[in-house]
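So for the sequence shown, this note's numbering puts the first residue at -18; every next one is plus one. C-beta: ideal position from N, C-alpha, C; glycine also. From a predicted model like this one, the values you see are computed outputs, not experimental measurements.
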Amino acid sequence: MNRKQLFVLVAVGLVLAGLALYFNKVTRAEYQSRAAEDREELLGDFPANDVTHVVVRSPEGEVNLAKDDVWVVRERHNYPASFSSVAELVRKLWELKPAQSQSIGASQWGRLQLLPPDAPDAGTNAATLVELKGANGQVLRSLLLGRQQMRDSGGQFGGYPVGRWVALPDRKDTVYVVSETFSEVEVKPENWLNKDFFRLEKTRAISLVSTNPAESWSLSRATESGDWELADARDGEALDRSKASSFNWAFSSPSFNDVFPPDAEGMDDAFANPTRLTFETFEGFRYAIEVGTQPDADSYYLKVQASAELPRERTAPEDETPEAREEAEKTWREQQDKLREKLRKERALANWVYKVSKWSVDSVLKDRSGLLTDPTSPDFQDTLVTPDGFPSLEELAAPLQPPLPGEIDLTPPLAPPDDE
């Protein structure tokens, strides 16, 4: 190899080294830029507290969550929405960061189920669109939720979601994978309702007015832990205490599945001949409940009206010291404030018809005959008390036996003494 050839090889080597260094710097810069982008919030720093309207839209429909005095569900006649669910969704979107990004043109979004729901050819490849709006109706941020990212569990039940493909409607060349699954974001108005309901505590009395008057009944108890007693028990009737014990937890934590206004179509027929329940508590609350027809095999329509007679003053024991009285008064006032707040919330329930699960009502929809003890059972026999001086049922039922020889007393009776 001569000097000229060596010079050419060295020159080529230097050029190649320079090109390698250049592309390495460019690649590193692009990687660092992309990494920095990936670390930033996907939707940017938008004013989360200014969000007053959330829209969830898909080809199946739309849900509008709007903030008036409180958050409400428009598709349920402005029934209160679950504030925690709305706030959690806004928080997730505000904090959302991409775990991965990929350059994909909008023409390929369908395979990731990221097509806008109003696209004419979206079909089953449509995304769920979430829009966050401000008070003036302006869209603050929007996001397309596509196919969930699945991980194979290796078992017979298949995979499970670990993230989701998402896209920004105004950025047509990039899609992202995020660690949030957004499984709760569905176009189902009933899923966004505030499910706080009435709650029975310390029940004192229960009555049921049946559509068959002969099957109506009333129960009461003297103390919170006492046994239930059947009012106006008829001859031969005895309450089965094991059956009645289920009333200790009746409506202790009820919920509902959906809600309707009282004038909704079909509600007049649903409550044309309802079963009526009344509950009274030791704290002075009274609940008048109407159970209507079943919209399906697993549900009932239900109305509830709550009222209460709460004391204005505490009755103090005669021997209460001033120090004890001050502490007791403070505790009593705090308890009364809680009861009044409970009453305020439960009174508002009277404006609606609720769809509740059948199992939550079946425990109290019992006929009178279904609460009674079987007369042939030992439990029923235990309820029968023999008055003093009268033979028991066992003695009356025993066959008469003639006296055995030698058991008959042949001693003549004594004659009365002669009068002197």
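Rounded separation between residue i and residue j - CA only
i, j, result
"residue 169", "residue 40", "12 Å"
"residue 199", "residue 189", "6 Å"
"residue 335", "residue 113", "29 Å"
"residue 326", "residue 89", "50 Å"
"residue 18", "residue 108", "Any reading at residue 18 must be qualified, since the residue scores a pLDDT of 49, below 50, and its modelled position is unreliable; no value is offered."
"residue 422", "residue 251", "It is not possible to answer for residue 422, since the shown part of the chain is limited to -18 through 401."
"residue 159", "residue 223", "54 Å"
"residue 255", "residue 271", "6 Å"
"residue 312", "residue 260", "26 Å"
"residue 48", "residue 213", "52 Å"
"residue 175", "residue 238", "10 Å"
"residue 38", "residue 110", "5 Å"
"residue 279", "residue 227", "20 Å"
"residue 69", "residue 310", "39 Å"
"residue 262", "residue 181", "8 Å"
"residue 292", "residue 266", "11 Å"
"residue 184", "residue 217", "27 Å"
"residue 155", "residue 165", "25 Å"
"residue 126", "residue 31", "22 Å"
"residue 351", "residue 225", "10 Å"
"residue 235", "residue 332", "18 Å"
"residue 338", "residue 233", "14 Å"
"residue 13", "residue 28", "Summary for residue 13: the model assigns pLDDT 38, below 50, so the residue's position carries little reliability; its value from the coordinates is reported in the next sentence. Distance between the alpha carbons of residue 13 and residue 28 is about 28 Å."
"residue 149", "residue 258", "53 Å"
"residue 408", "residue 288", "Given a span of -18 to 401 for the chain in the structure shown, any question on residue 408 remains unanswerable."
"residue 64", "residue 195", "46 Å"
"residue 104", "residue 269", "48 Å"
"residue 241", "residue 162", "30 Å"
"residue 208", "residue 277", "35 Å"
"residue 34", "residue 72", "14 Å"
Bounding residues of the beta strand (DSSP E) (the contiguous stretch that carries residue i)
i, result
"residue 142", "140 to 148"
"residue 159", "155 to 159"
"residue 52", "52 to 54"
"residue 241", "239 to 241"
"residue 349", "Unbroken run through residue 349: none, as it is neither H nor E."
"residue 132", "120 to 133"
"residue 185", "184 to 190"
"residue 81", "79 to 84"
Three-state secondary structure (DSSP) of residue i
i, result
"residue 228", "helix"
"residue 223", "helix"
"residue 28", "coil"
"residue 333", "coil"
"residue 310", "helix"
"residue 105", "helix"
"residue 114", "strand"
"residue 40", "coil"
"residue 97", "coil"
"residue 210", "strand"
"residue 46", "strand"
"residue 88", "helix"
"residue 297", "coil"
"residue 353", "strand"
"residue 181", "coil"
"residue 174", "strand"
"residue 61", "strand"
"residue 11", "With a pLDDT of only 46 at residue 11, under the threshold of 50, the placement of this residue in the model should not be trusted, and no figure is reported."
Residue span of the alpha helix (DSSP H) that contains residue i, given as start and end
i, result
"residue 340", "339 to 343"
"residue 198", "Residue 198 -> not in any alpha helix (DSSP H); beta strand (DSSP E) instead, spanning 198 to 201."
"residue 72", "64 to 76"
**Message:** Using 8 Å as the cut-off, can you tell me whether the segment 246 to 260 makes contact with the segment 286 to 304, which would need three or more C-beta pairs spanning the two stretches below that distance?
**Reply:** Using a Cβ-Cβ distance cut-off of 8 Å, the segment 246 to 260 and the segment 286 to 304 are not in contact, since fewer than three pairs of beta carbons, one from each stretch, lie closer than that value.
**Message:** Three Cβ pairs or more, each shorter than 8 Å: is that satisfied between the segment 342 to 357 and the segment 307 to 321?
**Reply:** Fewer than three pairs of CB atoms, one per stretch, sit closer than 8 Å, so the segment 342 to 357 makes no contact with the segment 307 to 321.
**Item:** Minimum length 3: unbroken beta strand (DSSP E) runs contained in the segment 245 to 286
**Value:** Listed in chain order, the complete beta strand (DSSP E) runs (minimum 3 residues) inside the segment 245 to 286 are 256 to 262 and 266 to 272.
**Prompt:** Are the segment 192 to 210 and the segment 90 to 97 touching by the rule of at least three beta carbon pairs closer than 8 Å?
**Reply:** With contact defined as three or more Cβ pairs closer than 8 Å, the segment 192 to 210 and the segment 90 to 97 are not in contact.
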